[in-house]
Amino acid sequence: EGTFGGPHGLKLALHHPGEAVTDPDTANRSPSKAEEKVLVEFLEKFIPQGYVRTLEMKTCLYTNTPDGHFVVDYLKEYGKDVVLAAGFSGHGFKFVSVIGEVLADLALEGATPFPIGFLRADRFDS
Ligand SMILES: Cc1cc2nc3c(=O)[nH]c(=O)nc-3n(C[C@H](O)[C@H](O)[C@H](O)COP(=O)(O)OP(=O)(O)OC[C@H]3O[C@@H](n4cnc5c(N)ncnc54)[C@H](O)[C@@H]3O)c2cc1C
Numbered sequence: 546e547g548t549f550g551g552p553h554g555l556k557l558a559l560h561h562p563g564e565a566v567t568d569p570d571t572a573n574r575s576p577s578k579a580e581e582k583v584l585v586e587f588l589e590k591f592i593p594q595g596y597v598r599t600l601e602m603k604t605c606l607y608t609n610t611p612d613g614h615f616v617v618d619y620l621k622e623y624g625k626d627v628v629l630a631a632g633f634s635g636h637g638f639k640f641v642s643v644i645g646e647v648l649a650d651l652a653l654e655g656a657t658p659f660p661i662g663f664l665r666a667d668r669f670d671s
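First residue of the sequence shown? That's 546 in my numbering, and the numbers climb one at a time after it.
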């Protein structure tokens, strides 16, 4: 464990549901037996006899928006001077190249041809 050089196992993760926390310093970092059970049952369903033992479990934190979509917009208070990209809801990594293009468009051109209307920040205003 902790070194490269050979396969150690298979990584599985629970994306949702998760425990909502607002302060990383007070987050519960102890994975539960119930969470392990869900993962083991999933593995046994899709890779029968694939489970031997659990090597390690860890928690991770990431931002989630109420609708699971990103926020990509100008920061309202600053006109077009500040571009905001946040709330990637656990699936931002695979979009990083297109988000980079969008952010460059917004910062340099003041607009983007990509259809980002559904990612605007004010959709959560009540
Ligand atoms: C365990 C895990 C698994 C994931 N798996 C996937 C996946 O399979 N597919 C997928 O698409 N997405 C996945 N994601 C989500 C993806 O990693 C995020 O959506 C993406 O990294 C968010 O990008 P970001 O630039 O908003 O934030 P980050 O990548 O978190 O970047 C923020 C940066 O800002 C820096 N920073 C923070 N505060 C300050 C400060 N005060 N001053 C200067 N710098 C600061 C941080 O050090 C960091 O480098 C996963 C996330 C986690 C945690």
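Idealized CB from N, CA, C, for every residue including glycine.
Here alanine 631 is bridged, per DSSP, to Val616. About 11 angstroms separates the beta carbons of glycine 637 and valine 616, which is beyond the 8 angstroms limit, so they are not a contact pair. Pairwise C-beta distances place the segment 594 to 607 out of contact with the segment 648 to 656, as fewer than three of them are shorter than 8 angstroms. In terms of Cβ geometry, isoleucine 661 and valine 641 do not form a close pair [threshold 8 angstroms]. If the five residues before and after leucine 557 are omitted, its C-beta is found closer than 8 angstroms to the C-beta atoms of Leu584, Phe587 and Leu588, all from its own chain and listed in chain order. Within its own chain, the residues whose Cβ lies closer than 8 angstroms to the Cβ of valine 643, once the five positions on either side in sequence are excluded, are Phe659, listed in chain order.
Of the candidates Val628, Phe669, Ala656 and Glu580, the residue whose Cα lies closest to the Cα of lysine 603 is Glu580. Here lysine 625 has Tyr619 and Gly655 as same chain residues with Cβ atoms under 7 angstroms from its own Cβ, once five neighbours each way along the sequence are excluded. Taken through DSSP and simplified to helix, strand or coil, tyrosine 623 comes out as helix. For phenylalanine 633, the distance from the CB to the nearest heavy atom of ligand 1 is below 7 angstroms. Note on geometry: alpha-carbon atoms of serine 575 and valine 566 lie some 14 angstroms from one another. Listed in chain order, the non-local C-beta contacts of asparagine 609 below 6 angstroms within the same chain comprise Ser634, local neighbours out to five positions each way being set aside. Going by DSSP, glycine 645 is part of the alpha helix (DSSP H) stretching over 641 to 654.
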